[in-house]
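Trainee:
In the working numbering, the protein residues as written are 35 to 308.
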């Protein structure tokens, strides 16, 4: 199921041009998963995740954010994350249109966690639960440090920070759809603004939310992210952390454990709704 040949493309009119999405259909879905990917990457890197969610009964939908992957836009340029949240809403509405009677779970990784957190604050009524994986939330020293400089230096992401599995970093480095260049200052400014907006937005209340994080994440260190998630916390918020795991926990050496935790969380939420 993780094979790209088993997925289909869809296109949506995003705020910055066409959004190119990918759907992993299910013959008898019990729920819908919508994935928001991280900075500089694309949804094609989530075939394994989609496959595991598919095994658990999900139809899966995801789209490359503006300026990422196969979607339109200047590469990695995001001037306002509220616009990207609305793009994500298009994806959620598209998924809901295909499966109008199924519950939707939003899964956001890294920058996608930032987007998913804000989406949940604004559109929780469209979801039954949210999963945040290594989210850029609360504060991120990388953003603060780079914005303090007159000129932003070369800032490619070190593939070794992604996973203890060297094949993950090698594939990332060789992927032509991954952005291997520098941060754009407007993107950093918009990211900083959105982190502050989320903090000001406060708790998601009774909305079920799961925060997952690698304890050895050097790219988005866990302590600041934990502080950010605490501003969102409600009675149904929970957290699982993984000793030794780096940033991309869905691609880590214990990836099966991580996805099992996601599935267990989702099944618990769905069981409570029955």
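Ideal Cβ placement from N, Cα and C applies to all residues, glycine included.
None of these values were measured; they are calculated from a predicted model.
1. Terminal residues of the continuous alpha helix (DSSP H) containing residue 44?
2. Can you grab the Cα-Cα spacing for the pair residue 196 / residue 135, in whole Å?
3. With distance defined between alpha-carbon atoms, name the residue in 137, 132, 174 and 115 nearest to residue 150.
4. Could you tell me which residues DSSP pairs with residue 95 in its beta bridges?
5. Measure the Cβ-Cβ separation of residue 53 and residue 124 and say whether it is below 8 Å.
6. Does the Cβ-Cβ distance between residue 186 and residue 180 come in under 8 Å?
7. Would a C-beta distance cut-off of 8 Å place residue 283 and residue 167 closer than the cut-off?
8. Could you have a look at residue 304 and say whether DSSP puts it in helix, strand or coil?
9. Give me the Cα-Cα distance between residue 47 and residue 41, rounded to the nearest whole angstrom.
10. Just reading off the beta strand (DSSP E) that residue 247 is part of, what are its end residues?
11. When the Cα of residue 66 is compared with those of 178, 82 and 128, which residue comes out closest?
12. By Cβ distance, which residues of its chain are closer than 8 Å to residue 255, with the 5 residues on each side in sequence left out?
13. Excluding the 5 residues preceding and the 5 following residue 302 in the sequence, name in chain order all residues of the same chain whose CB lies nearer than 7 Å to its CB.
14. Would you mind giving the Cβ-Cβ distance between residue 60 and residue 76, rounded to the nearest angstrom? I have them listed as a contact below 8 Å.
15. If you reduce the DSSP assignment to three classes, tell me which class residue 202 lands in.
16. Is DSSP giving residue 118 helix, strand or coil here?
17. For residue 35 and residue 183, I'd like the C-alpha separation in whole angstroms.
18. Please report the residue range of the beta strand (DSSP E) in which residue 141 lies.
19. Going along the chain, which residues of its own chain have a beta-carbon closer than 6 Å to the beta-carbon of residue 242, five neighbours each way excluded?
20. I'd like to confirm the pairing. Which residues does DSSP put opposite residue 52 in its beta bridges?
21. Exposed or buried, what is residue 178 when buried is set at 16 or more other beta-carbons lying within 10 Å of its beta-carbon?
22. Measure the C-alpha to C-alpha separation of residue 207 and residue 216 and round it to an integer number of angstroms.
23. Quick check: residue 253 and residue 274, are their CB atoms within less than 8 Å of each other?
24. Using only CA atoms, which one of 188, 279, 78 and 262 lies nearest to residue 235?
25. Tell me, to the nearest whole angstrom, how far the beta carbon of residue 121 is from that of residue 49; I am working on the premise that it is less than 8 Å.
Mentor: Let's see:
1. Where residue 44 is concerned, there is no enclosing alpha helix (DSSP H), although the beta strand (DSSP E) it sits in stretches over 42–48.
2. 36 Å
3. 115
4. 57 and 68
5. Remark: C-beta atoms of residue 53 and residue 124 approach each other more closely than 8 Å.
6. yes
7. In this structure, residue 283 sits near residue 167, with a CB-CB distance shorter than 8 Å.
8. helix
9. Put simply, the backbone Cα of residue 47 is about 20 Å away from that of residue 41.
10. 243–248
11. 128
12. 175
13. none
14. Actually they are not in contact, since the Cβ atoms of residue 60 and residue 76 sit about 22 Å apart, beyond 8 Å.
15. helix
16. helix
17. Because the pLDDT at residue 35 is just 40, under 50, the model does not fix this residue reliably, and the value given afterwards should be weighed accordingly. Rounded to whole angstroms, residue 35 to residue 183 spans 45 Å at the Cα level.
18. 138–143
19. Cβ within range, chain order: 163, 270 and 303.
20. Bridge partners of residue 52: 47.
21. exposed
22. Each residue's alpha carbon lies about 14 Å from the other.
23. no
24. 262
25. 6 Å
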